[in-house]
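Colleague: Residues in the sequence shown are numbered from 0 upward in steps of one, following numbering that gives the first Met the number 0.
Have a look at this one.
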Amino acid sequence: MGENVQGTFVSEKISKIRWQFGNFEAKNFLTGSWDNPVNKITYWTFRTNYDEEPYPVVLSSYSFLGDITELKFISKDFFVAASSLGSIRLLQIDEDTCTEFKEHMAWEFIHSFKTTDYASCTALSNFEQDIASVGEDGKLNLLTAAEKKPVRIIENADSCSIYCVDFLKHNEVLTGNSRGHMKVWDLRNDRDMPATTFMLSDQVKTAATSITHHPTQRHIVVAGGDDGSLTVWDLRQNTYPMSQLNAHTKAVSEILFHQDRPDNLFTCSVSGELWHWNNAQSSKLKLDSADMHWLNTISTNGKVNVTSLCAAMHKPINSIDINRSKLLFGCDNEAMYILHLLSIVATTRAEALAPSRCWRLLAILARLTPRLKFRKQFCILFNRA
Numbered sequence: 000m001g002e003n004v005q006g007t008f009v010s011e012k013i014s015k016i017r018w019q020f021g022n023f024e025a026k027n028f029l030t031g032s033w034d035n036p037v038n039k040i041t042y043w044t045f046r047t048n049y050d051e052e053p054y055p056v057v058l059s060s061y062s063f064l065g066d067i068t069e070l071k072f073i074s075k076d077f078f079v080a081a082s083s084l085g086s087i088r089l090l091q092i093d094e095d096t097c098t099e100f101k102e103h104m105a106w107e108f109i110h111s112f113k114t115t116d117y118a119s120c121t122a123l124s125n126f127e128q129d130i131a132s133v134g135e136d137g138k139l140n141l142l143t144a145a146e147k148k149p150v151r152i153i154e155n156a157d158s159c160s161i162y163c164v165d166f167l168k169h170n171e172v173l174t175g176n177s178r179g180h181m182k183v184w185d186l187r188n189d190r191d192m193p194a195t196t197f198m199l200s201d202q203v204k205t206a207a208t209s210i211t212h213h214p215t216q217r218h219i220v221v222a223g224g225d226d227g228s229l230t231v232w233d234l235r236q237n238t239y240p241m242s243q244l245n246a247h248t249k250a251v252s253e254i255l256f257h258q259d260r261p262d263n264l265f266t267c268s269v270s271g272e273l274w275h276w277n278n279a280q281s282s283k284l285k286l287d288s289a290d291m292h293w294l295n296t297i298s299t300n301g302k303v304n305v306t307s308l309c310a311a312m313h314k315p316i317n318s319i320d321i322n323r324s325k326l327l328f329g330c331d332n333e334a335m336y337i338l339h340l341l342s343i344v345a346t347t348r349a350e351a352l353a354p355s356r357c358w359r360l361l362a363i364l365a366r367l368t369p370r371l372k373f374r375k376q377f378c379i380l381f382n383r384a
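Shown next as structure tokens:
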């Protein structure tokens with residue numbers, strides 16, 4: 000591990016890890032476990048020791064039946080948790096004590112097979128208070144945090160397991176299934192039929208394991224496959240991929256754009272790899288020069304930098320989340336890690352200094368310029384007396 004990576008042994012396999020929403024630099028986060036008789040959702044915070052080094056501390060935990068298959072914050076204190084037993088729970092972190100969870104709502108066995116009691120809820124997505132869930136039963140559920148009764152249930156959204164879901168707009172949802180079928184659902188349409196259907200790959204049948212959209216251009220969608228591939232679409236134009244890449248050696252676990260700097264893309268995989276894709280850099284690390292063209296199509300300058308952020312884990316990296324310059328990831332090696340993205344820190348500091356440097360330069364010009372007109376315009380521009 001590099002000097003900017005700090006690991007903590009937690010004695011359980013981490014399936015999901017999520018920062019809590021915050022106004023400034025986040026310090027609290029959630030983890031979810033799997034592969035235990037009774038799993039846990041754990042609420043953590045970072046504190047500093049005598050050397051001013053941050054270390055994670057448990058604030059509270061919540062027992063959870065089944066593997067935790069997803070955690071999603073829908074507001075600062077409220078989040079939803081999905082279970083491999085087919086249930087979904089809306090929980091609140093007590094803002095005063097931070098030592099307990101309050102359960103506000105539960106959708107028990109909302110995913111189930113006709114022949115058995117339950118089917119795993121494989122993924123969640125939310126648009127503000129609206130929640131979409133998919134599962135191994137091929138069902139698409141539309142929920143709201145305001146009431147327990149489902150807003151809509153599409154029983155036969157697919158004939159096989161659906162592994163991922165993403166809200167593209169408040170009235171549009173994208174799903175991906177175990178056969179690589181991608182379906183766009185227009186929620187304004189009362190018919191339980193997708194508006195558009197297309198394939199993850201037209202060459203190889205591979206399951207879609209993860210979907211995400213660009214933070215500011217929601218029509219740009221990136222999907223990961225269980226063969227490690229990444230595929231990019233611009234859904235405004237057509238459903239034929241803009242580009243495809245054979246990236247990781249095994250299934251893509253999660254894909255994540257940096258919310259403030261969307262030219263930075265992060266991926267993790269079952270092969271234990273964690274990669275940073277950055278199309279803002281002037282250099283290019285060639286993983287496979289023949290396959291780099293897809294990133295160039297979404298790059299503004301034709302350059303891309305692909306960096307491995309940690310040594311190979313040899314165990315699956317299941318989940319990642321980022322807040323500004325701090326990236327969390329959880330693994331099957333019963334540890335979680337925080338990684339400080341030094342390149343993003345440097346860029347942030349440079350941009351923060353730019354306005355102050357501009358102000359100092361203009362202040363000097365104002366003092367040197369005898370003309371009252373310039374000085375008056377200068378003061379109005381910067382709201383200075």
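In this text, a Cβ means the ideal position worked out from N, Cα and C, and glycines have one as well.
Compare the Cα-Cα distances from residue 68 to each of 195, 224, 253 and report the closest residue.
Modeller: Within the sequence shown, numbered from 1, the residue matching residue 68 stands at position 69. The shortest Cα separation from residue 68 among 195, 224, 253 belongs to 253.
Colleague: Is residue 73 helix, strand or coil when you go by DSSP?
Modeller: Residue 73 sits at position 74 when you count from the first residue of the sequence shown. In this structure, residue 73 counts as coil in the three-state DSSP scheme.
Colleague: State the Cα-Cα distance for the pair residue 265 and residue 234, rounded to the nearest angstrom.
Modeller: Along the sequence shown, one-based indexing puts residue 265 at 266. Along the sequence shown, one-based indexing puts residue 234 at 235. Residue 265 and residue 234: Cα-Cα distance of roughly 21 angstroms.
Colleague: What is the rounded straight-line gap between the Cα of residue 236 and the Cα of residue 38?
Modeller: Counting from one through the sequence shown, the residue named residue 236 turns up at place 237. Counting from one through the sequence shown, the residue named residue 38 turns up at place 39. If you take the alpha carbons of residue 236 and residue 38, they lie about 44 angstroms apart.
Colleague: By Cβ distance, which residues of its chain are closer than 7 angstroms to residue 225, with the 5 residues on each side in sequence left out?
Modeller: Mapped onto the sequence shown, residue 225 falls at position 226. The residues are 205, 206, 208, 250.
Colleague: With DSSP collapsed to three states, give me the class of residue 341.
Modeller: The residue labelled residue 341 in the question sits at position 342 within the sequence shown. Residue 341 falls in the helix class under three-state DSSP.
Colleague: For the pair the region 128-138 and the region 94-104, tell me if three or more CB-CB distances fall below 8 angstroms.
Modeller: Short answer: they don't touch.
Colleague: Within its chain, find whatever has a CB closer than 7 angstroms to the CB of residue 232; leave out the 5 residues flanking it on each side and keep chain order.
Modeller: Taking the first residue of the sequence shown as 1, we reach residue 232 at position 233. Answer for residue 232: 220, 238, 240, 241, listed in chain order.
Colleague: Using the Cα positions of residue 341 and residue 82, report the straight-line distance between them to the nearest angstrom.
Modeller: Start at 1 with the first residue of the sequence shown, and residue 341 comes out as number 342. Start at 1 with the first residue of the sequence shown, and residue 82 comes out as number 83. Answer to the nearest angstrom: the Cα atoms are 35 angstroms apart.
Colleague: By DSSP, does residue 55 sit in helix, in strand, or in coil?
Modeller: For the purposes of this step, residue 55 is taken as residue 56 along the sequence shown, with counting starting at 1. Three-state result, residue 55: strand.
Colleague: Is residue 190 buried or exposed, if buried means 16 or more other CB atoms sit within 10 Å of its CB?
Modeller: Translated into positions along the sequence shown, residue 190 becomes position 191. Result: exposed.
Colleague: Could you tell me the distance, in whole angstroms, from the CA atom of residue 300 to the CA atom of residue 101?
Modeller: By one-based count along the sequence shown, residue 300 stands at place 301. By one-based count along the sequence shown, residue 101 stands at place 102. Because the pLDDT at residue 300 is just 48, under 50, the model does not fix this residue reliably, and the value given afterwards should be weighed accordingly. Each residue's alpha carbon lies about 48 angstroms from the other.
Colleague: Hey, residue 36 and residue 46 are a contact pair by Cβ (cut 8 angstroms); roughly how many whole angstroms apart?
Modeller: Counting from one through the sequence shown, the residue named residue 36 turns up at place 37. Counting from one through the sequence shown, the residue named residue 46 turns up at place 47. Contact flag wrong, Cβ pair sits at about 31 angstroms.
Colleague: Measuring alpha carbon to alpha carbon, tell me which of 315, 314, 310 ends up nearest residue 5.
Modeller: For this step, residue 5 is matched to residue 6 along the sequence shown. Ranking 315, 314, 310 by Cα distance to residue 5 puts 310 first.
Colleague: Which term fits residue 23, buried or exposed, when burial requires 16 or more other beta carbons within 10 angstroms of its beta carbon?
Modeller: Along the sequence shown, read from residue 1 onward, the residue named residue 23 stands at position 24. Classification of residue 23: exposed, given that the 10 Å Cβ count is below 16.
Colleague: Nearest to residue 218 by alpha carbon, out of 196, 10, 197, 167?
Modeller: The residue given as residue 218 occupies position 219 in the sequence shown. When only C-alpha atoms are compared, the closest one is 167.
Colleague: With DSSP run on the structure shown, which of helix, strand or coil describes residue 28?
Modeller: In the sequence shown, the residue the question calls residue 28 occupies position 29. Here residue 28 sits in strand by DSSP.
Colleague: Could you tell me the boundaries of the beta strand (DSSP E) in which residue 159 lies?
Modeller: For the purposes of this step, residue 159 is taken as the residue at position 160 of the sequence shown. Residue 159 -> no beta strand (DSSP E), and no H or E assigned at all.
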